[in-house]
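Those sequence lines, one after another, are chains A and B.
Residue 10 is where the first sequence starts when you use this note's numbering, and the numbers rise one by one after that.
Residue 4 is where the second sequence starts when you use this note's numbering, and the numbers rise one by one after that.
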Amino acid sequence: MFSLESLTTLVQDWLNKTFPPTWALLIEFVIVGILAIALFAALGLVLVIMERKVAAWIQIRLGPNRVGPLGILQSTADTIKLIMKEGLTPDGADKFLFNLAPFIVMIVSMLILAPIGFAKGFHIWDINIGVLYVSAISSVSVIGILMAGWASNNKYSLLGAMRSGAQMVSYELSVGLSVLSIIVLTGSLNINDIVLSQQNGWWLFKAHIPAIISFVIFIIAITAETNRAPFDLSEAESELTAGFHTEYSGMKFALFFLSEYINIFIVCAIGATLFLGGWMPFHIGNWESFNHIMDYIPSFIWFFGKTFFMIFLIMWFRWTFPRLRVDQLLNLEWKYLLPISMVNLIVMTLVAIKGWHF
Amino acid sequence: MVEEIGKTAEGDLIINVGPQHPATHGVLHLIITLNGETIKKVEPHLGYIHRSIEKMCESLTYRQFIYTTSRMDYLSAHINNHACALTVEKGLGIEIPARAQVIRVLMDELTRIASHELWWGAMAMDLGAFTPFFHAFRERETINDIMEETCGARLTMNYMVPGGVMMDLHPNFQYRVKNFLTLYKRKIHEYDELVTGNIIFQNRMKGVGVLSKEAAISFGVTGPAARGSGVSCDVRKLYPYEIYNTLEFDEILETEGDSFARYMVRLREMNESIKIIEQLIDNIPEGDFQAKTKAVLKLPKGEFYQRVETARGELGVYIVSEGGTTPYRIKFRSPGFSNLSCLDHITRGGKIGDLIASMGTLDLVIPDIDR
């Protein structure tokens, strides 16, 4: 299978030969940083236009179609507008925290990008506790949101932030448990190992019903964790105007907006990695010729295809369901999802110990 | 009362919902007292869109004042105009031609459907679902097109005049209405699939904002909001005007009194309106569309009252005449004002989300409340 590892090693070898080791490392940092930021910007633009097109398709209308061919430059135009806008800081706000909050949220989403394998042999940081790292860092973003809500000195913001805090902390548990049920099968937290363990089939298909249950719970929980409808209580438009980012404008608002979309991408990428084999092509057991044909499709297409499929699912939810109420939201987590995923984890452990999976 | 901005003496949070707020659909201002997310008190503040329509009417003639009423409850403009025209006709003792009566009822029912369609979309949007709004507008647009063709306007039609209607039906009218009926019947099941049957929606609506029958009567709630609590109050049935007593339709009653009951009443009411339109659309009698009236109308000295059923409830028009060309005093009993008064009662103890859901099912139109 085509691997990008040769490219990455080539770059590294050349850097090490040309520069002293410290400089080589620093230059690598810079390259990775530029790539990450570029990916960020590109993803933000693509996801926003995708959301609007999906929404238009569901809502029997056309969506953006004026700027550029089929309106694909609409989000670029919007971004330029947001950059030009004045970034207001309200009088009563805590200026330091108010301006810090969007960056915290943004940096957190950037950090989570590190261990994700985008293609075969192409990831920023091949860390052996990748999944743990992701779930640890992703819980930091709630601090940014709480900070934004508190520092805005606005009651709508405060309510939105409190809701968001309660929601993200609770749904983290379900995400963690459903991730854990795959970890039990792979026996490794390394994202690369998890992908490789799905060489003869994706975990969603290999591990019977428990895997499907944990996949469903995972999708529900990540929708809630990224504050997307039907769990978008933290920015419930009809209740709290815009929730925690009511007072933000211009680029500071754009950072929240962007990080929301990047978070969606990241959680979907994690989901695709754990349940749908990441960059691993669709393989069926020992069907050598079939597997071989599938290998011809490049691995990054598999990765982005799966991720965007999951993103589409989440967008589909948003434009179909009404919003839950705050107590129903917490009931759903603590009374249904958490017990189910705990039992599911035990069943999955049994499956893993007995080796019942394929 | 509000002592310090933001806090009560007990330390509860006070939030201004409105006058500009996405959920109030207009310039309604609610001051809500919150304990956490739980609502302790809702205090509506009115007057942001008060245009003193009643006072304005006193200086307008009996032909002119009807046009201002399109701006009250703009979603049932036809029905408002109808009520005023009926009151003036009552005072003058004019007989309306049969054709005009049928046209009026047809227009009323089309307006009712259009209004309920908009309510359905807007209410779903309050609950966070955006898609139903566009689905509702797909059907509503066809009604607006019919109105545009016949009346020349899409929202404030000003079609009803004392003595009948302003002009005859457009030749396309029957064809268009039949098209609408087919479209509606083909699409109405989507409403149930998309919203009514949704488990999240049902959880948000059932048992929320409960208005008991007694409370509904004592607050003076009328229309679908009261019929959701089991109060039989359909003016078309109880005090029939025009040709409603010859038509076959049911008064929709639900007994639960919660938001879901009010929702179901409106959905089922649309089907009743469709039934009425179906009975009439092929039986529009030939003849005049307007009775012969004098150029200058003068109501005899006295008091005249007429009530009709708008999409939101009972609209009463009360005219006091001194015998001149303009009314001495006009009073509108608007359904929205009384329906709003029960908001505090039904939302106390609920969450903010419940307030929005209950307000959505009351179907408030703010210019109707303020006038």
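All C-beta atoms, glycine included, are put in the ideal place defined by N, C-alpha and C.
Of all the CB atoms in chain B, is at least one closer than 8 Å to the CB of I349 of chain A? no
For R74 of chain B versus T159 of chain B, is the C-beta spacing smaller than 8 Å? yes
Assign V39 of chain A to buried or exposed, taking buried as 16 or more other Cβ atoms, counted over all protein chains shown, within 10 Å of its Cβ. exposed
When the cut-off is 8 Å and only beta carbons count, does G21 of chain B lie next to chain A? no
Quick check on the DSSP output: what are the complete alpha helix (DSSP H) runs of length 4 or more inside the region 161 to 220 of chain A, in order along the chain? 164 to 195, 200 to 205, 212 to 215
Looking at the unbroken beta strand (DSSP E) that takes in A51 of chain A, where does it start and where does it end? Careful: A51 of chain A lies outside any beta strand (DSSP E), inside the alpha helix (DSSP H) at 30 to 67.
To the nearest angstrom, how far is the alpha carbon of D285 of chain B from that of L109 of chain B? 11 Å
Residues of the region 332 to 346 of chain A whose Cβ lies closer than 9 Å to any Cβ of chain B, in chain order: R332, L333, R334, V335, D336, Q337
State the CB to CB distance for the pair S276 of chain B and L256 of chain B, rounded to an integer number of angstroms; the pair is presumed to be in contact (CB under 8 Å). About 16 Å separates the two Cβ atoms, so there is no contact after all.
Spatial neighbours of S190 of chain A in its chain, beta-carbon cut-off 7 Å, leaving aside the 5 residues before and after: P219, S223, N353, L354, M357
Which residues bound the beta strand (DSSP E) around T258 of chain B? Element bounds for T258 of chain B: n/a, residue is neither H nor E.
By Cβ distance below 7 Å, which residues in the same chain neighbour A175 of chain A in space, the five residues on each side in sequence not counted? L339
Using a C-beta to C-beta distance shorter than 9 Å, which residues of chain B count as neighbours of R70 of chain A? F137
Return no unless some Cβ of chain B is closer than 8 Å to the Cβ of T17 of chain A. no
Relative to the alpha-carbon of E281 of chain B, which residue among B:T185, B:A101, B:G124 has its alpha-carbon at the smallest distance? B:T185
On the criterion of 16 or more Cβ atoms from any shown chain inside 10 Å, does S79 of chain B qualify as buried, or is it exposed? buried
Counting only the same chain and skipping the five closest in sequence on each side, list residues whose C-beta sits under 6 Å from that of W328 of chain A. A64, I67
Would you kindly work out how many angstroms separate the C-alpha atoms of F133 of chain B and T328 of chain B, rounded to a whole number? 49 Å
Output needed for G185 of chain A: all residues of its chain with C-beta closer than 7 Å, excluding positions within five of it in sequence on either side, in chain order. S144
Give every residue of the same chain whose Cβ lies closer than 6 Å to the Cβ of M59 of chain A, excluding the five residues on either side of it in the sequence, and list them in chain order. none
Delimiting residues of the beta strand (DSSP E) encompassing S324 of chain B: 317 to 324
Within 8 Å of any Cβ in chain A, is that where the Cβ of N206 of chain B sits? yes
Inter-residue spacing [alpha-carbon to alpha-carbon] between T98 of chain A and D87 of chain A: 21 Å
Which first and last residues belong to the beta strand (DSSP E) in which L37 of chain B is found? 32 to 38
According to the neighbour-count rule (16 or more other Cβ atoms, all chains shown, within 10 Å of its Cβ), is V299 of chain B buried or exposed? exposed
What does N201 of chain B reach in chain A if we use C-beta pairs closer than 9 Å? T329, F330, P331
Would you identify the three-state DSSP class for E61 of chain B, choosing helix, strand or coil? coil
Using 8 Å for Cβ pairs, my map puts E342 of chain A next to I355 of chain B. What's the rounded Cβ distance? The pair is not a contact, with the Cβ atoms about 19 Å apart (cut-off 8 Å).
Mind checking the region 207 to 233 of chain B against chain A and listing, in chain order, the residues whose C-beta falls within less than 8 Å of any C-beta there? R207
Cβ atoms of S183 of chain A and A216 of chain A: under 8 Å apart, would you say? no
On the CB-based measure, 16 or more other CB atoms within 10 Å of its CB, does Q67 of chain B come out buried or exposed? exposed
Assuming L130 of chain B contacts V311 of chain B (C-beta within less than 8 Å), just tell me the rounded distance between them. At roughly 30 Å, the Cβ-Cβ gap does not stay under 8 Å, so L130 of chain B and V311 of chain B are not in contact.
What residues from the region 291 to 321 of chain B come within 8 Å of chain A, judged by C-beta to C-beta, listed N to C? none
Flag K90 of chain A as yes if its beta-carbon sits less than 8 Å from any beta-carbon of chain B, otherwise no. no
Check Y162 of chain B in the structure and name its three-state DSSP category. coil
Going by DSSP, what residues sit across from A102 of chain A in a beta bridge? According to DSSP, which records beta bridges pairwise, A102 of chain A is partnered with nothing at all.
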